[in-house]
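Each protein sequence line maps, in turn, to chains F and E. For the first sequence, our numbering begins at 148 and goes up steadily by one. For the second sequence, our numbering begins at 148 and goes up steadily by one. Beta carbons are placed, not taken as given, at the ideal position from N, Cα and C, and that holds for glycine. Just so we're clear, the structure is a prediction, and the values are computed from it rather than from any experiment. Data first, discussion second: the structure below is written as structure tokens.
Protein chains: 2
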Amino acid sequence: MQSDLNNKILLDSIKRLLRRDAVVRLKKIVNKSHAADMSVVFRSLSHSERLKLFDLLQDYEQKGLLFSELEEDIFLDLVAGMKPDDIVRIFETMPTDDVADLLGKMPEEHADAVLARMKREGSDELEGLLRYEDDSAGGIMVPDFIALTQETTAKDAIASLQKEYLDVEMPFYLYVVDEYGKLVGVSSLRQLVVVPPETSLKDFMTTDVFSVRTDMDQEEVAKLVARYDILAVPVVDETNRLVGIVTVDDVIDIFRKEATEDILKMAGAGEEFVETKSIFKSMKIRLPWLFASCLGGILAFFIIDQFESSLSKYIYLAAFIPVIMGMGGNIGTQSSTIVVRGLATGRLSIREFWQVIAKELSVGFILGLVYGVLIGSVAQFRYRMELLALSVGIAVVSSMALAALVGSLVPMVFARLNIDPAVATGPFVTTAMDIISIVLYLVIATLLLGY
Amino acid sequence: MQSDLNNKILLDSIKRLLRRDAVVRLKKIVNKSHAADMSVVFRSLSHSERLKLFDLLQDYEQKGLLFSELEEDIFLDLVAGMKPDDIVRIFETMPTDDVADLLGKMPEEHADAVLARMKREGSDELEGLLRYEDDSAGGIMVPDFIALTQETTAKDAIASLQKEYLDVEMPFYLYVVDEYGKLVGVSSLRQLVVVPPETSLKDFMTTDVFSVRTDMDQEEVAKLVARYDILAVPVVDETNRLVGIVTVDDVIDIFRKEATEDILKMAGAGEEFVETKSIFKSMKIRLPWLFASCLGGILAFFIIDQFESSLSKYIYLAAFIPVIMGMGGNIGTQSSTIVVRGLATGRLSIREFWQVIAKELSVGFILGLVYGVLIGSVAQFRYRMELLALSVGIAVVSSMALAALVGSLVPMVFARLNIDPAVATGPFVTTAMDIISIVLYLVIATLLLGY
Numbered sequence: 148m149q150s151d152l153n154n155k156i157l158l159d160s161i162k163r164l165l166r167r168d169a170v171v172r173l174k175k176i177v178n179k180s181h182a183a184d185m186s187v188v189f190r191s192l193s194h195s196e197r198l199k200l201f202d203l204l205q206d207y208e209q210k211g212l213l214f215s216e217l218e219e220d221i222f223l224d225l226v227a228g229m230k231p232d233d234i235v236r237i238f239e240t241m242p243t244d245d246v247a248d249l250l251g252k253m254p255e256e257h258a259d260a261v262l263a264r265m266k267r268e269g270s271d272e273l274e275g276l277l278r279y280e281d282d283s284a285g286g287i288m289v290p291d292f293i294a295l296t297q298e299t300t301a302k303d304a305i306a307s308l309q310k311e312y313l314d315v316e317m318p319f320y321l322y323v324v325d326e327y328g329k330l331v332g333v334s335s336l337r338q339l340v341v342v343p344p345e346t347s348l349k350d351f352m353t354t355d356v357f358s359v360r361t362d363m364d365q366e367e368v369a370k371l372v373a374r375y376d377i378l379a380v381p382v383v384d385e386t387n388r389l390v391g392i393v394t395v396d397d398v399i400d401i402f403r404k405e406a407t408e409d410i411l412k413m414a415g416a417g418e419e420f421v422e423t424k425s426i427f428k429s430m431k432i433r434l435p436w437l438f439a440s441c442l443g444g445i446l447a448f449f450i451i452d453q454f455e456s457s458l459s460k461y462i463y464l465a466a467f468i469p470v471i472m473g474m475g476g477n478i479g480t481q482s483s484t485i486v487v488r489g490l491a492t493g494r495l496s497i498r499e500f501w502q503v504i505a506k507e508l509s510v511g512f513i514l515g516l517v518y519g520v521l522i523g524s525v526a527q528f529r530y531r532m533e534l535l536a537l538s539v540g541i542a543v544v545s546s547m548a549l550a551a552l553v554g555s556l557v558p559m560v561f562a563r564l565n566i567d568p569a570v571a572t573g574p575f576v577t578t579a580m581d582i583i584s585i586v587l588y589l590v591i592a593t594l595l596l597g598y
Numbered sequence: 148m149q150s151d152l153n154n155k156i157l158l159d160s161i162k163r164l165l166r167r168d169a170v171v172r173l174k175k176i177v178n179k180s181h182a183a184d185m186s187v188v189f190r191s192l193s194h195s196e197r198l199k200l201f202d203l204l205q206d207y208e209q210k211g212l213l214f215s216e217l218e219e220d221i222f223l224d225l226v227a228g229m230k231p232d233d234i235v236r237i238f239e240t241m242p243t244d245d246v247a248d249l250l251g252k253m254p255e256e257h258a259d260a261v262l263a264r265m266k267r268e269g270s271d272e273l274e275g276l277l278r279y280e281d282d283s284a285g286g287i288m289v290p291d292f293i294a295l296t297q298e299t300t301a302k303d304a305i306a307s308l309q310k311e312y313l314d315v316e317m318p319f320y321l322y323v324v325d326e327y328g329k330l331v332g333v334s335s336l337r338q339l340v341v342v343p344p345e346t347s348l349k350d351f352m353t354t355d356v357f358s359v360r361t362d363m364d365q366e367e368v369a370k371l372v373a374r375y376d377i378l379a380v381p382v383v384d385e386t387n388r389l390v391g392i393v394t395v396d397d398v399i400d401i402f403r404k405e406a407t408e409d410i411l412k413m414a415g416a417g418e419e420f421v422e423t424k425s426i427f428k429s430m431k432i433r434l435p436w437l438f439a440s441c442l443g444g445i446l447a448f449f450i451i452d453q454f455e456s457s458l459s460k461y462i463y464l465a466a467f468i469p470v471i472m473g474m475g476g477n478i479g480t481q482s483s484t485i486v487v488r489g490l491a492t493g494r495l496s497i498r499e500f501w502q503v504i505a506k507e508l509s510v511g512f513i514l515g516l517v518y519g520v521l522i523g524s525v526a527q528f529r530y531r532m533e534l535l536a537l538s539v540g541i542a543v544v545s546s547m548a549l550a551a552l553v554g555s556l557v558p559m560v561f562a563r564l565n566i567d568p569a570v571a572t573g574p575f576v577t578t579a580m581d582i583i584s585i586v587l588y589l590v591i592a593t594l595l596l597g598y
């Protein structure tokens with residue numbers, strides 16, 4: 148186990164040894180370190196250092212473990228110059244779902260060359276996995292599981308663990324299938340050891356078995372696993388034939404990945420984590436989102452421009468634009484964030500459509516009143532002009548209430564239309580809200596104060 | 148298993164039966180539904196409906212299962228009117244960590260009364276658990292685990308699963324301890340069934356065992372479990388004595404909770420999920436965050452007020468304030484979000500301090516140039532005044548570069564000072580950035596255009 152500090156020590160030693168070209172010591176270190184720790188080290192190395200260190204790994208299995216742990220960019224960097232045959236020998240040591248995943252990331256030509264060479268039995272399995280959508284239950288499942296018939300005795304089941312199922316990733320659940328491979332029950336390794344050895348599986352298995360279809364979205368699968376506190380969920384095809392399992396460690400990865408995606412989308416910073424990418428790539432991802440707010444800003448400019456006569460008459464009107472925009476923007480962000488996260492975690496449901504929106508609108512309106520009075524009073528204190536203070540106050544109330552409404556309405560509507568609601572909280576809605584706030588304010592002020 | 152739709156059907160039937168007071172049918176439904184599904188139903192019921200339904204649950208164990216699943220507010224609502232003795236009988240059926248958790252949520256007096264009555268053996272265990280911080284390994288661990296001596300044979304270990312360890316939550320790992328209870332090794336149930344029955348644990352256990360200390364932060368524990376793909380991690384005290392385990396299902400909950408907290412903090416919407424709380428509570432949480440942006444907005448107003456002479460001379464200057472604020476605000480949010488999420492997921496480390504900040508500054512500067520030219524050109528197109536266009540362009544470049552710098556610097560500094568970086572992305576930084584952008588713009592414009 149390596150803590151953050153230990154990783155730093157590990158990285159520093161490796162860098163020092165690389166500089167000194169101390170191959171023997173390097174070999175010792177890389178071969179005894181956990182692949183998860185090595186993947187962190189690889190992040191901070193140059194291309195040539197990575198190649199050198201990778202070559203020092205003794206066997207293909209260790210290279211495979213590292214492949215599974217590396218971030219996409221680093222994996223691609225490492226694999227780019229490798230011969231298909233070498234890649235195949237590494238892939239052959241890895242779980243099929245990981246191989247499918249990596250193949251999906253590689254440039255198509257390179258991936259095809261590798262796939263063509265994988266002539267072992269697993270290859271069919273692999274092509275099977277490649278058939279499913281990446282983010283469906285089929286795409287994330289492992290085809291390694293324990294499947295036994297109803298007549299198998301506890302003793303024989305245990306014996307099978309010593310033979311054909313020696314390498315299964317999740318040996319704690321034993322699935323029971325009929326002669327067509329259809330899922331009919333499940334038992335746990337624990338039940339197996341506590342019943343008399345001659346008992347058949349059918350006498351103690353649970354028949355109320357919980358499964359998901361290959362085409363279920365990975366996020367749904369993850370939610371089910373979390374909700375029912377299970378270690379793995381069986382995946383079945385349209386005929387209820389058992390084709391794989393999704394294990395709890397993949398579920399953790401899904402939740403973390405989905406949370407990261409949501410957070411980034413909400414900030415308009417793409418979906419994928421960009422910090423480890425190059426400056427150029429990072430800019431490419433962030434530029435378009437900023438373009439939305441740029442267009443919005445230019446639109447706001449032309450709108451304000453239209454009110455030039457009011458603004459030149461009451462020059463202080465302009466000074467309230469930022470506070471009105473800011474209050475609307477912030478409460479809108481609160482509302483949309485609460486709704487998006489609530490939908491993602493299941494704390495809110497689209498069935499509560501009107502309830503949620505009515506509540507957000509009320510909160511927006513009441514908080515709008517509080518801040519409208521406050522900011523209106525500041526205006527009155529500074530300029531002693533009741534109509535100006537009133538314009539500012541009304542503008543704050545209406546833009547905060549409207550922002551809370553739009554902030555909750557848009558993600559709810561997106562969720563209903565099966566569009567990812569996280570997109571709704573990004574720069575698009577923020578920018579729209581800015582423009583609405585400005586228009587509201589200037590129209591109200593012009594009406595109350597006159598041209 | 149209940150999907151979202153099935154939950155809706157379940158809720159509708161229960162509500163209908165409650166109206167009709169169909170006790171027998173209600174009893175049947177609530178007693179055969181999964182506690183996770185019932186907890187969703189409880190969310191949509193009134194106080195009296197909840198009490199009624201809860202009373203229909205047949206045994207204390209089922210009530211306990213439901214207690215574990217309920218959201219805090221609903222649990223408190225339900226438990227408020229209950230007698231301590233009744234609560235004790237339910238708590239006695241529940242895992243100790245869940246009981247400790249619920250006791251921590253209850254009003255102190257009520258909790259003390261319950262604790263005083265819990266005279267069973269588990270009570271010491273419970274007081275032990277209450278000693279640890281809620282969000283430490285000690286606070287989330289379960290004290291139920293399998294601990295055997297090195298000399299135990301595989302056969303005897305299996306026999307112990309049929310007796311004293313029949314109820315252990317995670318029977319898949321068997322921990323090996325010495326005569327002082329210190330952790331010396333670990334074996335898995337799977338290994339146990341594949342070795343000859345007479346083999347001693349010491350001959351096949353793994354001695355390189357992975358553990359965490361009771362005071363480790365829950366988020367760190369969760370990261371370790373995720374990183375090494377394990378189902379449970381043993382928790383030891385300062386003398387390496389095994390005192391509990393943290394299981395993977397708790398790890399999932401931690402990740403989801405931490406992600407929610409981060410997301411809400413980033414939007415300035417508190418830390419706890421507020422949507423299921425009352426309008427009043429929800430406002431209380433959201434009001435102070437908005438106060439920060441209100442103060443900032445008022446400050447911005449007084450600053451703009453200072454530049455009244457420039458603004459009255461060049462009335463169109465005001466029209467560019469929103470776009471400049473917007474561009475700075477959005478790129479700042481991108482930067483801070485990327486850094487906060489990067490730190491939370493381990494993709495970034497505080498060791499990379501200068502690298503991260505330099506990169507963000509570069510991205511901010513380059514994107515600033517792109518948009519500075521674009522927005523400056525719009526200004527030139529509209530007003531045909533080179534100095535105005537130049538002022539707008541320079542203001543965009545400098546406020547975007549500075550926002551990217553501040554957006555990445557603040558969370559990095561917070562992380563170094565051990566303050567939660569997620570706070571840094573909330574309204575405070577956004578508001579500060581708004582003010583900086585406005586000042587920059589007005590100063591640049593005044594310098595270039597003259598008073």
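Asked: N-terminal and C-terminal residue of the alpha helix (DSSP H) that E:Pro231 is part of; Found: 231-238
Asked: Beta strand (DSSP E) segment containing F:Thr394, residue limits; Found: 389-394
Asked: Cα-Cα separation between F:Tyr322 and F:Thr354, rounded to whole angstroms; Found: 10 Å
Asked: Per-residue burial, F:Gly515 [other beta carbons within 10 Å of its own, 16 or more giving buried]; Found: buried
Asked: Cβ-based neighbour list, E:Val244, same chain, cut-off 7 Å, excluding 5 preceding and 5 following; Found: The question names Val, but residue 244 of chain E in the sequence shown is Asp. Only Leu276, Ile287, Met288, Val289 meet the Cβ criterion.
Asked: Cβ contact check for the region 551-565 of chain E and the region 471-483 of chain E: 3 or more pairs under 8 Å; Found: yes
Asked: Outcome for F:Ser143 when other beta-carbon atoms lying within 10 angstroms are tallied against a minimum of 16; Found: The structure shown does not extend to residue 143 of chain F, since chain F is modelled only from 148 through 598, so no value can be given for it.
Asked: F:Lys329 - partner residues in DSSP beta bridges; Found: F:Arg388
Asked: Any non-hydrogen atom of the ligand FMN closer than 8 Å to E:Phe222 Cβ; Found: This structure lacks the ligand FMN, and indeed carries no ligand of any kind.
Asked: Beta-carbon proximity of F:Leu604 to F:Val177, cut-off 9 Å; Found: This structure cannot settle anything about residue 604 of chain F, because the visible part of chain F is limited to 148 through 598.
Asked: 9 Å Cβ cutoff met for E:Ala465 and F:Ala416; Found: no
Asked: Identified DSSP bridge partners for F:Val383; Found: F:Arg360, F:Leu389
Asked: Beta-ladder partner(s) of E:Thr484, from DSSP; Found: E:Thr484 is not bridged to any residue.
Asked: In DSSP terms, what E:Tyr320 is bridged to; Found: E:Ser335
Asked: Same chain, Cβ closer than 8 Å to F:Thr593, five either side skipped, listed in chain order; Found: Phe454, Ser457
Asked: CB contact flag (E:Pro469, F:Phe201, <9 Å); Found: no
Asked: Nearest to F:Ile410 (by Cα), restricted to the options E:Ala491, E:Ser546, E:Asp291; Found: E:Ala491
Asked: Buried or exposed by the 16-neighbour rule on C-beta atoms within 10 Å, applied to E:Gly443; Found: buried
Asked: Straight-line Cα distance separating E:Asp581 from F:Ala439; Found: 18 Å
Asked: Under 9 Å from the C-beta of F:Arg563: neighbouring residues of chain E; Found: Here the premise fails: no neighbours, minimum Cβ distance about 13 Å.
Asked: Cβ contact check for the region 300-320 of chain F and the region 357-364 of chain F: 3 or more pairs under 8 Å; Found: no
Asked: Spatially closest choice to E:Asp400 from E:Gly523, E:Phe189, E:Glu218, by CA coordinates; Found: E:Glu218
Asked: Meets three-Cβ-pair contact criterion under 8 Å: the region 250-264 of chain F and the region 224-240 of chain F; Found: yes
Asked: Straight-line gap, E:Ser538 to E:Leu595 (C-alpha atoms, nearest Å); Found: 7 Å
Asked: Sequence-distant residues of the same chain with beta carbon closer than 8 Å to F:Thr307, five excluded per side; Found: Correcting the residue identity first, residue 307 of chain F is Ser in this sequence and not Thr. So the qualifying residues of the chain are Ile293, Leu295, Thr299.
Asked: Sub-9 Å separation of E:Cys441 and F:Tyr375 beta-carbons; Found: no
Asked: Three-state class that DSSP yields for E:Leu411 in the structure shown; Found: helix
Asked: CA-to-CA distance, E:Gln502 to F:Lys155, given in whole angstroms; Found: 15 Å
Asked: Cβ of E:Asn477 within 9 Å of any chain F Cβ; Found: yes
Asked: Members of the region 508-542 of chain F near chain E, C-beta cut-off 9 Å; Found: Ser509, Val510, Ile513, Leu514, Val517, Tyr518, Leu521, Ile522, Val525, Ala526, Arg529
Asked: Chain F contacts made by the region 167-184 of chain E, where a contact means CB separation under 8 Å; Found: His181, Ala183
Asked: Secondary structure of E:Val607, DSSP reduced to three states; Found: The requested residue 607 of chain E is not part of the displayed model; chain E covers only 148 to 598.
Asked: Distance between F:His194 and F:Leu225 (C-alpha atoms, nearest Å); Found: 7 Å
Asked: Min CB distance E:Met430 to chain F below 9 Å; Found: yes
Asked: Inter-residue spacing [alpha-carbon to alpha-carbon] between E:Leu212 and E:Leu198; Found: 16 Å
Asked: Contact with chain F by E:Glu455, beta-carbon distance below 9 Å; Found: yes
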